[in-house]
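Asker: Sequence positions in the sequence shown follow this note's numbering and run 92 to 297.
The C-beta atom is built at its ideal place from N, Cα and C for all residues, glycine as well.
Just passing along the structure, written as structure tokens.
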Amino acid sequence: MDRIKEIASHWECLILGVLETNSYCASIVPDPLPPLPDWAVDRLKDQGRMAAIEREFQDKIRTLEDWLQLASGNGSDHRFEVWTSRGSRLAFRHESWQDAAKVLDTLKSQFPDAFIAKINVMDAKPLARSEPELLDTMIGRIQHIGTWFGEGEKAEMLAVQDETGRQVMTPADTLHQHPVYASLDRKGQEYVEFHMQRIARKKAKP
92 MDRIKEIASH
102 WECLILGVLE
112 TNSYCASIVP
122 DPLPPLPDWA
132 VDRLKDQGRM
142 AAIEREFQDK
152 IRTLEDWLQL
162 ASGNGSDHRF
172 EVWTSRGSRL
182 AFRHESWQDA
192 AKVLDTLKSQ
202 FPDAFIAKIN
212 VMDAKPLARS
222 EPELLDTMIG
232 RIQHIGTWFG
242 EGEKAEMLAV
252 QDETGRQVMT
262 PADTLHQHPV
272 YASLDRKGQE
282 YVEFHMQRIA
292 RKKAKP
């Protein structure tokens, strides 16, 4: 993938080099070069065409990266979402950029400022946004995605995420007692049990 990008950059540099050489062709010593035909210069300087090709190339690269990641069988750590510049999320849970782009095309007429955002599914909310009451809103399979260890008297917090990408920060005991705990994946439940035991040992110390 890096080599593909390197080749693309190489060709861009060649085009810019040809244009620069052509602008000084009459001053080259000892043998001046004949200038390029006007049509060739116009073609090379066609910024609109170059920008369109650049966008298409980046689109193809992103699609290929997605396909390679998914084909490896390891899944993806990212999802692609459609947002507006005002912070409204229009679509989510797309595993590939290409799928999100198809949705974006259908929304552009209604939301001209819509764009695709690449979101890491393992990003959790900061501790300041702890909202355990949102556990009631979680849907489907739940994953434990992070732990914040409190300093001093601050409680330790767990971050969990559902299938829609919603993330909630909550104390371990609150999560353990909540019905959504039954939907937590096996590794998550094992971690919570370990975490609860560790807290119990800390409290038992004289």
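Starting from the Cα of tryptophan 239, find the closest Cα among Leu181, Thr228, His286 and give me that residue.
Answerer: His286
Asker: Can you tell me which of Leu225, Arg153, Trp188 puts its alpha carbon nearest to the alpha carbon of lysine 96?
Answerer: For lysine 96, the nearest C-alpha among the options comes from Arg153.
Asker: Please go through the same chain and pick out, in chain order, the residues whose beta-carbon is closer than 6 angstroms to the beta-carbon of glutamine 252, but skip the five residues on each side of it.
Answerer: Gln234, Ile236, Gln258
Asker: For serine 187, count neighbouring Cβ atoms within 10 angstroms of its own Cβ and tell me buried if that reaches 16, exposed if not.
Answerer: buried
Asker: From which residue to which residue does the beta strand (DSSP E) around leucine 249 run?
Answerer: 248–252
Asker: Rounded to whole angstroms, how far is the Cβ of lysine 209 from the Cβ of histidine 267, which I believe are closer than 8 angstroms?
Answerer: So it is not a contact: roughly 33 angstroms between Cβ atoms.
Asker: Please report how far the alpha carbon of proline 104 lies from the alpha carbon of proline 123, in whole angstroms.
Answerer: The sequence given here has cysteine at residue 104, not proline. The alpha-carbon atoms of cysteine 104 and proline 123 are separated by roughly 22 angstroms.
Asker: Pick out whichever of Pro262, Ile207, Leu275, Arg146 has its Cα sitting closest to the Cα of isoleucine 230.
Answerer: Leu275
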